[in-house]
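Heads up: the structure comes next, in structure tokens.
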Amino acid sequence: MAKQKAPVKKNEKLTLTFEDLTHEGNGVAKVDGYPLFVPYGLPGEEAVVKVVKANKNFGFGKLLEVKQSSDERVEPPCNVFYKCGGCQLQHMSYDLQLQMKQNQVKNVMKKIAHLEHVPVHPAIGMEDPWRYRNKVQIPVGEDDGELITGFYRMRSHEIIKDMETCVIQDELNDRSVHAVRRIANRLGIEAYDEKKDKGVLRHIMVRTGRETNETMIVLITRTEKLPFEKELIRELTETFPHVKSIVHNVNKQRTNVILGKKMKVIWGEEYIHDTIGDVTFAISPKSFYQINPQQTDRLYQKALEYAKITENDTVIDAYCGIGTISLFLAQRAKKVYGIEVVPEAIEDAKKNAELNGITNAEFHVGQAETVMPEWKQQGFNPDVIVVDPPRKGCEVDFLQAMMDMEPNRIVYVSCNPSTLARDLRILEDGGYETKEVQPVDMFPQTNHVECVAEVVRKA
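Under full-length UniProt numbering, the first residue of the sequence shown carries the number 1, and numbering increases by one thereafter.
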């Protein structure tokens, strides 16, 4: 039997019309039913495409020329958009981005969760979908003896030299990175060379509280000693009165991991602060804190709405991190129990509860799938469980432990619609019903979308 061949060949040039978008934001065009996925193509556009890969059932193309442009195509404001890859959607209107994200969630609800009739609401977007990121981690390199900072070129470890700003970064972060680079360059501090595993300054990390304008600068070096430390501190603090903390982190490993284990505050405070809604958070260099607090507020308000908490309810917040959702829930609940596997995060959560005068939240170190069955054996049955797992979603053991506790309501917050849909299917088969799903655009200009789902126990 003859092997079926793709109807296109590698390097072939074709004029095609895009019909759809993938969940990554690539245009989809078809040749005799054979799909070609092409970055930067938009539905309705006619374009010249070069085939770069032809698999048996689908291929990939490169956009060479747009012959007929979509009304949804816009000019990316970032001068390195087509080199960087940090954002994928700056070429499409914000309305289309939100529509694409809603469709992405609808598709996985249908195909993975088999929940076609569950309402998936339009994605909650931002009034101004730029300059929203409160944290930057940027590599440092050298070019002709001068220090350079910039994100890596797509699919490489080559720093983009002509990157002067990032249009989704907080402007204070941008300016702080430039200042560190300029001062370090003048003082003669060497950049780290990852190929030779030599040099000093590896990365610059900056975190800024959007509501407080407090900034933390973290300088990551290969060396135990930070050269010209006093001069750097003096110039940075004189230039930027909003800097509240300067931290030196040592990472001697030959690794892609940015932060090393050794962390020392060399000037100012151990934490900066920020607020989401009425809750204030203390943020350390390693704290997991949402990148976009403005949209986080909207996400958490929706989670609260779905939780339908009363003053008599007890709540478990699994994967509680530094207590961000827990402290929101505690404002309405009788008692909140947070569980998190990272001990430092639990310490931060306790500090944050104290900072806000919240006394009805308790935090425990451990794996939720281990802790919750122990609590169940002790006769503890929560009214509500809120879960916000990493991208890989929930382990089956955890989902079972959650169902065994028989809460009336589960609120599932997710940064990955596919694993959310997979887990909702398991909960549905275990006696729960998904009422509705709300996408929230936490990461404008990128193909990522956050969701919150309302799940109730069937009568």
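All C-beta atoms in this analysis are idealised placements derived from N, C-alpha and C, irrespective of residue type, glycine included.
query: Under a Cβ-count criterion, where at least 16 other Cβ atoms within 10 Å of its own Cβ denotes burial, should H91 be classed as buried or exposed?
result: Locating residue 91 in the sequence shown gives position 91, where the first residue counts as 1. H91 comes out buried.
task: Apply the 10 Å Cβ neighbour rule to G458 and answer buried if 16 or more other Cβ atoms are within range, or exposed otherwise.
output: As a first step, residue 458 is located in the sequence shown; it is residue number 458 there, counting from the start. It is Lys, not Gly, that sits at residue 458 in the sequence shown. It is exposed - the Cβ of K458 has fewer than 16 other Cβ atoms within 10 Å.
field: Y306 to T434 span [Cα, whole Å]
entry: On the sequence shown, position 306 is the one that residue 306 refers to. On the sequence shown, position 434 is the one that residue 434 refers to. C-alpha separation (whole angstroms): 11 Å.
- request: Could you round the C-beta distance between D423 and Y412 to whole angstroms and report it? I think they count as a contact, below 8 Å.
  value: Within the sequence shown, numbered from 1, the residue matching residue 423 stands at position 423. Within the sequence shown, numbered from 1, the residue matching residue 412 stands at position 412. About 7 Å; that satisfies the 8 Å criterion.
- prompt: Which whole-angstrom value describes the C-beta separation of R202 and N256, a residue pair presumed to lie in contact below a C-beta threshold of 8 Å?
  reply: Locating residue 202 in the sequence shown gives position 202, counting from the first residue. Locating residue 256 in the sequence shown gives position 256, counting from the first residue. No, R202 and N256 are not in contact; Cβ-Cβ is about 11 Å, not under 8 Å.
message: I need the straight-line Cα distance from G357 to S69, nearest angstrom please.
response: Residue numbering aside, residue 357 sits at position 357 when the sequence shown is read from its first letter. Residue numbering aside, residue 69 sits at position 69 when the sequence shown is read from its first letter. Between G357 and S69, the C-alpha separation is close to 56 Å.
- request: Go through its chain and collect everything with a Cβ distance to Y343's Cβ below 8 Å, but skip five positions before and after it.
  value: Within the sequence shown, residue 343 is the residue found at index 343, counting from 1. In the sequence on display, residue 343 carries Pro and not Tyr. If we look at P343 and ignore the five residues flanking it on each side, its Cβ neighbours are V365.
field: Cβ pair count under 8 Å reaching 3, the stretch 180 to 197 against the stretch 137 to 153
entry: yes
query: How should residue 460 be labelled, buried or exposed, when 16 other C-beta atoms within 10 angstroms of its C-beta is the threshold for buried?
result: Lying outside 1 to 459, the shown extent of the chain, residue 460 is not represented and no answer is given.
- prompt: From G188, C394 and I410, pick the residue whose C-alpha is nearest to that of T419; which is it?
  reply: The residue labelled residue 419 in the question sits at position 419 within the sequence shown. Looking at the Cα atoms, C394 is the closest of the given residues.
- prompt: Residue range of the alpha helix (DSSP H) that S326 falls in?
  reply: In the sequence shown, residue 326 corresponds to position 326, counting from 1. It spans T324 to A330 - the alpha helix (DSSP H) in which S326 sits, taken as one unbroken run.
message: Am I right that V336 and A361 are in contact with their C-beta atoms under 8 Å? What's the rounded C-beta distance?
response: As a position in the sequence shown, residue 336 is number 336, starting the count at 1. As a position in the sequence shown, residue 361 is number 361, starting the count at 1. Right, their Cβ atoms sit about 4 Å apart.
Backbone secondary structure at M403 - three-state DSSP: Translated into positions along the sequence shown, residue 403 becomes position 403. If DSSP states are grouped into helix, strand and coil, M403 belongs with the helices.
message: Applying the 10 Å Cβ sphere with the 16-neighbour rule, what's the burial state of F380?
response: Looking up residue 380 in the sequence shown gives position 380. Looking at its Cβ environment, which holds fewer than 16 other Cβ atoms inside 10 Å, F380 is exposed.
field: Minimum C-alpha distance to M100 - residue among V456, A453, V452 and P439
entry: Taking the first residue of the sequence shown as 1, we reach residue 100 at position 100. It is P439 whose Cα lies nearest to the Cα of M100.
task: Just tell me which of P35, C84, K302 and D197 has its CA closest to the CA of R254.
output: Translated into positions along the sequence shown, residue 254 becomes position 254. Measuring from the Cα of R254, the nearest candidate turns out to be D197.
message: Tell me which residue opens and which closes the beta strand (DSSP E) that R186 is part of.
response: Against the sequence shown, residue 186 aligns to sequence position 186. Per DSSP, R186 belongs to no beta strand (DSSP E); it is in the alpha helix (DSSP H), E171 to L187.
task: Go through its chain and collect everything with a Cβ distance to Q137's Cβ below 7 Å, but skip five positions before and after it.
output: Numbered from its first residue, the sequence shown carries residue 137 at position 137. The answer, listed in chain order, is H203, M205 and I258.
Minimum C-alpha distance to residue 478 - residue among Y94, R73, R175 and D348: Lying before the first or after the last residue shown, residue 478 is absent from the chain, which here runs from 1 to 459.
query: Measuring CA to CA, which of I283, Q377, M442 and K334 is closest to N292?
result: Position 292 of the sequence shown, counted from the first residue, corresponds to residue 292. Closest by alpha carbon: M442.
task: Taking only the alpha-carbon atoms, compute the straight-line gap between R155 and K308 and give it to the nearest angstrom.
output: As a working note, residue 155 is residue 155 in the sequence shown. As a working note, residue 308 is residue 308 in the sequence shown. C-alpha separation (whole angstroms): 44 Å.
message: Can you look up Y94 in the DSSP assignment and give me helix, strand or coil?
response: The residue you call residue 94 lines up with position 94 of the sequence shown. Correct three-state label for Y94: helix.
message: Taking the straight line between their C-alpha atoms, what separation do you get for E235 and V118?
response: Position 235 of the sequence shown, counting from 1, holds the residue named residue 235. Position 118 of the sequence shown, counting from 1, holds the residue named residue 118. Each residue's Cα considered, the two are about 56 Å apart.
message: Mapping the DSSP letters down to three states, classify E433 as helix, strand or coil.
response: For the purposes of this step, residue 433 is taken as residue 433 along the sequence shown, with counting starting at 1. Strand, per DSSP.
message: Taking the straight line between their C-alpha atoms, what separation do you get for E24 and K225?
response: Taking the first residue of the sequence shown as 1, we reach residue 24 at position 24. Taking the first residue of the sequence shown as 1, we reach residue 225 at position 225. Approximately 43 Å between the Cα atoms of the pair.
- request: Out of K351, T314, R186 and I322, point me to the one whose CA is closest to K334's CA.
  value: The sequence position of residue 334 within the sequence shown is 334, counting from 1. Among K351, T314, R186 and I322, the Cα nearest to that of K334 belongs to T314.
message: Does I233 come out as helix, strand or coil in the three-state DSSP assignment?
response: For the purposes of this step, residue 233 is identified with residue 233 of the sequence shown, where counting begins at 1. Of the three classes helix, strand and coil, the one that applies to I233 here is helix, per DSSP.
message: By the DSSP assignment, the alpha helix (DSSP H) with P343 in it spans what residues?
response: Indexing the sequence shown from 1 puts residue 343 at position 343. That run of the alpha helix (DSSP H) goes P343 to L355.
query: Rounded to a whole number of angstroms, what is the C-alpha to C-alpha distance between H121 and E369?
result: Position 121 of the sequence shown, counted from the start, is the residue given in the question as residue 121. Position 369 of the sequence shown, counted from the start, is the residue given in the question as residue 369. Going by the C-alpha atoms only, they are around 31 Å apart.
Between the CA atoms of R175 and E46 - distance to the nearest angstrom: Locating residue 46 in the sequence shown gives position 46, where the first residue counts as 1. Locating residue 175 in the sequence shown gives position 175, where the first residue counts as 1. Going from the Cα of E46 to the Cα of R175 covers about 41 Å.
field: Other residues of its chain near P382: CB distance less than 7 Å, five sequence neighbours each side excluded
entry: Along the sequence shown, read from residue 1 onward, the residue named residue 382 stands at position 382. Same-chain partners within the cutoff: T314, V315, I316, M405 and P407.
- request: Report all residues from its chain with a CB closer than 6 Å to the CB of N79; omit the five preceding and five following residues, and keep chain order.
  value: What you label residue 79 is simply residue 79 of the sequence shown in a count that begins at 1. Nothing meets the Cβ criterion.
message: Beta-carbon within less than 6 Å of F81's beta-carbon, same chain only, minus the 5 sequence neighbours each way: which residues are those?
response: Taking the first residue of the sequence shown as position 1, residue 81 is located at position 81. Contacts found: Q90.
message: Just verifying my parser: in three-state terms, what is the DSSP assignment at T275?
response: The residue labelled residue 275 in the question sits at position 275 within the sequence shown. Here T275 sits in strand by DSSP.
query: Does DSSP put L42 in a helix, a strand or coil?
result: Position 42 of the sequence shown holds residue 42. Coil.
message: Taking DSSP's pairing of strands, which residues face S414 in a bridge?
response: The residue given as residue 414 occupies position 414 in the sequence shown. C451.
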